[in-house]
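Structure record follows, encoded as structure tokens.
Residue numbers (the working numbering): 207 to 457.
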């Protein structure tokens, strides 16, 4: 659980995470060929273990940033060549150490939403240019603190961020225009308030899968058209209950 994902449309990477939601983080990076059903294969490893990290991709590189391990919040960002197995290289750092957060990109800029920092929820968003090493810049603020498993995805124009937790489980969906820094705006609502949701996008639909409300896990799938402000519609159900995972898609 709590791992990062990234895809070049053909191959999907799953980086870091922890076993069963426990405190032990891993540095493992696995991959799948998205169009072919089957188990994961080894891609390589991150420089350090990290749990509750997040990631995004521009098609060539997959970024993995933030996270938590052994009581230490992570600020650094690593960059992986998605199509080529091996080891990471250092990209730079986020503006603050953060974990239990989400990200979305337009294939050029990745936006990192909210999370926990120094033990408290934060409202800020960072932006990073995926192909250019350096440090993150401020993007803007969310409407409220959100963390622990909100799901984010994009259609390469808008980044949508839904669900999560602060003083209670949230159903709000917010969006940003990724090419233009600024604060988030209201998009609509999920069908159920929940944290630990998984998000992915086909470009024409953004979907949120599974989740958890503090008592029950879900197999619910919601979706929206990212170009049209509205609340989510029920898509169907997963075959199993899912929480605190990661989603990605192919071409």
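Every residue gets a Cβ at the ideal spot worked out from N, C-alpha and C, and that includes glycine.
As the structure is a computational prediction, the values presented were derived from the model and not from experiment.
Range covered by the beta strand (DSSP E) that runs through residue i
i           : result
residue 434 : No beta strand (DSSP E) contains residue 434, which DSSP labels as neither H nor E.
residue 221 : 217 to 221
residue 334 : 330 to 335
residue 240 : Run containing residue 240: none; DSSP gives neither H nor E here.
residue 371 : No beta strand (DSSP E) contains residue 371, which DSSP labels as neither H nor E.
residue 212 : 210 to 213
residue 354 : Note, residue 354: premise wrong, no beta strand (DSSP E); not H, not E.
residue 381 : 378 to 383
residue 404 : 404 to 407
CA nearest to the CA of residue i, picked from the options
i           : options               : result
residue 241 : 232, 222 and 217      : 217
residue 399 : 372, 257 and 247      : 372
residue 336 : 382, 320 and 265      : 265
residue 347 : 381, 340 and 208      : 381
residue 409 : 211, 209 and 215      : 215
residue 329 : 306, 289, 439 and 341 : 306
residue 422 : 326, 450 and 441      : 450
residue 425 : 225, 415 and 378      : 415
residue 411 : 365, 249, 289 and 212 : 365
residue 183 : 280, 430 and 210      : What the structure shows of the chain is the stretch from 207 to 457, and residue 183 is not part of that stretch, so it cannot be assessed.
residue 230 : 297, 276, 433 and 318 : 276
Beta-carbon spacing of residue i, residue j below 8 Å
i           : j           : result
residue 153 : residue 447 : Outside the displayed range of the chain (207 to 457) lies residue 153, so it cannot be described from this structure.
residue 219 : residue 239 : no
residue 273 : residue 357 : no
residue 269 : residue 334 : yes
residue 369 : residue 442 : no
residue 319 : residue 267 : no
residue 433 : residue 375 : no
Buried versus exposed call for residue i [16 or more other C-beta atoms within 10 Å across all chains shown]
i           : result
residue 253 : exposed
residue 295 : exposed
residue 391 : exposed
residue 403 : buried
residue 394 : buried
residue 361 : buried
residue 486 : Given a span of 207 to 457 for the chain in the structure shown, any question on residue 486 remains unanswerable.
residue 315 : buried
residue 283 : buried
residue 440 : exposed
Residue ranges of each beta strand (DSSP E) run of no fewer than 3 residues wholly in the region 242 to 326, ordered along the chain?
-> 247 to 251, 260 to 263, 267 to 271, 282 to 287, 295 to 299, 308 to 311 and 315 to 319
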